[in-house]
Structure formats: structure tokens, C-alpha cells
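*Asks:* Here it is, the structure in full.
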Amino acid sequence: MDVRAQKTFKFSGVELNLFVLIYNLLDIKNEYNVNSATGRANDLLQQDINTAGTIIGLNTLQQYLNDPSSYSAPRQVRIGLSVGFN
Numbered sequence: 002m003d004v005r006a007q008k009t010f011k012f013s014g015v016e017l018n019l020f021v022l023i024y025n026l027l028d029i030k031n032e033y034n035v036n037s038a039t040g041r042a043n044d045l046l047q048q049d050i051n052t053a054g055t056i057i058g059l060n061t062l063q064q065y066l067n068d069p070s071s072y073s074a075p076r077q078v079r080i081g082l083s084v085g086f087n
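The sequence shown maps to residues 2 to 87 in this note's numbering.
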């Protein structure tokens, strides 16, 4: 759920628009890249973990599974001001 609120003020030919944008208002972790076997992101069946083999590179299996890109972005709040001249 995203929210946008704004308030406009007018002063002698100048229009000020103050606004607030809030993305992911409830700060819900939406899961992407869901594993088809478990139905969860960043989760494998125990049998898959036991047969995973050697991970090549710098990450361990646990670090590979805990990929933050598998979840939506956290709450973001943006505040701004626009100025218009008549």
C-alpha cells in the first residue's frame, strides 16, 4: 500500500506544494523468487541442503539462501516541495 498526501499554499502569485510519498506503508516483506518446492523465498527442503555440494565463490550456502533481493523494498518515505509562479 502506497500513500501520497499533499497540501498547496498560495502566497501572492507563488504556489507552494508540500507533499509526502510513502511506499510500502505497512512495511510488508513481499516475497519474490519463491521456491516451487517450499513455497517460500530463500528456503530449501532439507534434502536439497544435504545434496547442495560445494558453493564456488565467496558465499556460504546460508548466505546464498538469504538473498535480500528475494524480498520487496522496505518502507520508503519521501518529502518534497514544489514551487510554481503564476
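We put the beta carbon where it would ideally sit given N, CA and C, even for glycine.
Fair warning: this is a prediction, and the values are worked out from it, not measured in the lab.
Could you spell out the range, first to last residue, of the beta strand (DSSP E) harbouring G14?
*Replies:* As a first step, residue 14 is located in the sequence shown; it is residue number 13 there, counting from the start. First-last for G14: undefined, no H or E at that position.
*Asks:* Pick helix, strand or coil for G27, following the three-state DSSP scheme.
*Replies:* Numbered from 1 along the sequence shown, position 26 holds the residue referred to as residue 27. Residue identity check: residue 27 is Leu in the sequence provided, not Gly. Reduced to three states, the DSSP call for L27 is coil.
*Asks:* Mind listing, in chain order, the continuous alpha helix (DSSP H) runs of no fewer than 4 residues lying wholly within the stretch 56 to 86?
*Replies:* DSSP runs (the alpha helix (DSSP H)) wholly in the stretch 56 to 86: 62 to 66.
*Asks:* Would you call the stretch 63 to 73 and the stretch 21 to 39 in contact, with 3 or more CB pairs under 8 Å?
*Replies:* Segments in contact, yes.
*Asks:* What's the gap between the Cα of V4 and the Cα of I23?
*Replies:* Within the sequence shown, numbered from 1, the residue matching residue 4 stands at position 3. Within the sequence shown, numbered from 1, the residue matching residue 23 stands at position 22. Approximately 5 Å between the Cα atoms of the pair.
*Asks:* Quick one, are the C-beta atoms of V84 and V21 less than 8 Å apart?
*Replies:* For the purposes of this step, residue 84 is taken as residue 83 along the sequence shown, with counting starting at 1. For the purposes of this step, residue 21 is taken as residue 20 along the sequence shown, with counting starting at 1. No, the pair does not count as a contact, with Cβ atoms beyond the cut-off.
*Asks:* How big is the Cα-Cα spacing for I80 and L19?
*Replies:* On the sequence shown, residue 80 is found 79 positions in, with the first residue counted as 1. On the sequence shown, residue 19 is found 18 positions in, with the first residue counted as 1. Roughly 8 Å between the two C-alpha positions.
*Asks:* With distances taken Cα to Cα, identify the nearest neighbour of L66 among T39, R76, A6 and K11.
*Replies:* As a position in the sequence shown, residue 66 is number 65, starting the count at 1. Among T39, R76, A6 and K11, the Cα nearest to that of L66 belongs to T39.
*Asks:* Are the beta-carbon atoms of D44 and R76 separated by less than 8 Å?
*Replies:* Here residue 44 corresponds to residue number 43 of the sequence shown, with the count starting at 1. Here residue 76 corresponds to residue number 75 of the sequence shown, with the count starting at 1. No. Outside cutoff.
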